[in-house]
Each structure stands twice: as structure tokens, then as C-alpha cells.
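S.K.: I'd like to ask you about the structure that follows.
Numbering (our numbering), first residue to last: 361 to 615.
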């Protein structure tokens, strides 16, 4: 929603696009719970399906219904916007059904993360300027780092259960190093080639984003598993904050 507003879209369009993306994410999350329900029986705290709070049939309806709502909300911005939304949904579906417990689990997020700003900007304006496209490779790089960082959270359980995720394949130490290096390279490239002109607000967001990513890396490096779980969301917030600074600079430079 914020990106759509920065692109110059109306408040109504921004809200509609934000709800569309939320619906797509809802479908992906519900499908993930559906697929993982047999594995989550002993999970603490319990998840809704194994706990009996939501049935499998209701969850299937949520998956299909959320996907339909997402498409319906995206279509007023044109078929191209709906297609980008469906591509992002497809990345999530492939992750849930095939790749979530494999060494290729990083791939859907690496492809899907750059689609979010493209979806928002295209939906708000009907085009995607070079400045937005320039963020795509950096977002892909950040997506790889975040995906590996997310896999680190469950590396012990996945190792015990024989799930060969990317973190299991690399080993905890190497997985942490790869995910940290990827995120730090993303930050360095953003500082080197990112747009300027966002003023003090962009500067504040950049500093805040770097601090959040660095803090998250520090937490994921600790031995306590509870710290790992706090670290990944902090890294994700930091990446989102850095991206927001990029779009503020683009909006400031727009005629």
C-alpha cells in the first residue's frame, strides 16, 4: 500500500492493491498450514488445524477464496497487475507444495520478493519505471538471504526429521554466513547504486534499515533458539525499511 501511494496512486487504489496482496499472502499461508498439518501435530504452541480449531475443508476454502479475492482486487488495475499477483501466488504455491523442505526452498522467495514492488507500482500507475526495475536484482538477493535466514530457525528440527532444507544442506554455520553475506552485499549495493533525493526521511530509513538487519544478524548468530526466532523478523523489517527509502527517493525525483 505504501509503495502504491509513493508511486502516485490514489488512496483507494493503494488500499485495494494492499488488500489484494494480503489476500494472496493469506492463500499462501493457509495452503502452507494445510500441507504441514500432519507435521504440526506435536508443535508447541499448536497450529489451528492440528488443534482442531479449523477443519481441512474450511482451510481449502480459505485458500481458494483468498486467491479469487486477490485476483478480483488486482484486476481493476489491469491484467498485467493481476498477472504479476498470480505469479507471486504461484511462487508461494510451489514453495508450499514442493520446495519448502528442500535445498531449493530459497528460490520462491528470491523470485517472489521483487514482485511485490512491481505489483504495487504497476497497479498504481500502469507502468514500471527503470528505478523500480533497478531494485529487482537487489530484492532477489535480499530474498535469498531472508529465505536462508528463515530456514535457520528450524534447522535443528529439520535435521532431526531428515528434511534437507537449504540450511540443513549447508549446515548451520555456513548457512548463517551465506545469509549474512547476502544481506550485507545487498545493503552495500543499495548504498552504492540506490537513488538519492529522499532527503532526511530516506536517510533515517536507511540508517534504521541497516540497524535492523545488523541487529537481526546478531540475534541469529546466537546459540539460543529463541533469539534466532526474533532475528529473522528483524532482518525482514530492515529489508522492507531499506526498500521504502528507495521508493521515497524515486517518488521525490518523479516530475
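C-beta: ideal position from N, C-alpha, C; glycine also.
1) Might you give, ordered along the chain, the residues of its own chain that have their beta carbon closer than 7 Å to the beta carbon of residue 447, omitting 5 neighbours on each side?
2) With C-beta atoms as the reference, is residue 424 less than 9 Å away from residue 387?
3) Considering residue 426, what are the terminal residues of the alpha helix (DSSP H) in which it resides?
4) For residue 489, does the three-state DSSP call read helix, strand or coil?
5) Over the uninterrupted alpha helix (DSSP H) stretch that includes residue 462, give me the two end residues.
6) Span of the alpha helix (DSSP H) holding residue 546?
7) Reducing DSSP to helix, strand and coil, say where residue 525 ends up.
8) Any idea if residue 543 is buried or exposed, counting beta-carbon neighbours within 10 angstroms, 16 or more meaning buried?
9) How many Å lie between residue 589 and residue 369 at the Cα?
10) Have a look at residue 471 and residue 538 and give me their C-alpha separation to the nearest angstrom.
11) What did DSSP end up calling residue 370 once you bin it into helix, strand or coil?
12) Helix, strand or coil: how does DSSP classify residue 581 here?
13) How many angstroms separate the CA atom of residue 484 from the CA atom of residue 522?
14) Going along the chain, which residues of its own chain have a beta-carbon closer than 8 Å to the beta-carbon of residue 512, five neighbours each way excluded?
15) CB-CB under 7 Å to residue 519, same chain, minus the five flanking residues each way: which ones, in chain order?
16) How long is the line joining the alpha carbons of residue 507 and residue 515, rounded to whole angstroms?
17) Can you list, in chain order, the residues of its chain whose CB lies under 8 Å from that of residue 449, leaving out five sequence neighbours each side?
18) Does the Cβ-Cβ distance between residue 612 and residue 559 come in under 9 Å?
19) Which residues in the same chain as residue 478 place their Cβ atom closer than 6 Å to its Cβ, once the five residues preceding and following it in sequence are excluded?
20) Candidates 464, 548 and 418: which alpha carbon is nearest residue 525's?
21) Do residue 604 and residue 572 have their CB atoms nearer than 9 Å?
22) Measuring CB to CB, does residue 550 end up less than 9 Å from residue 566?
23) In angstroms, rounded to a whole number, what distance separates the CA positions of residue 546 and residue 482?
24) Roughly how many angstroms separate the alpha carbons of residue 503 and residue 473, rounded to a whole number?
M.R.: Let me lay it out:
1) 475
2) yes
3) 416 to 434
4) coil
5) Careful: residue 462 lies outside any alpha helix (DSSP H) and carries neither H nor E.
6) 532 to 553
7) Three-state DSSP puts residue 525 in coil, outside helix and strand.
8) buried
9) 36 Å
10) 18 Å
11) coil
12) Under the three-state reduction of DSSP output, residue 581 falls in the coil class, being neither helix nor strand.
13) 45 Å
14) 527, 532, 535, 536, 539, 580, 588 and 592
15) 528
16) About 12 Å.
17) 384, 387, 388, 427 and 430
18) Remark: C-beta atoms of residue 612 and residue 559 approach each other more closely than 9 Å.
19) 444 and 488
20) 464
21) no
22) yes
23) Spanning the two alpha carbons is a distance of roughly 24 Å.
24) In a straight line, the C-alpha of residue 503 is about 6 Å away from that of residue 473.
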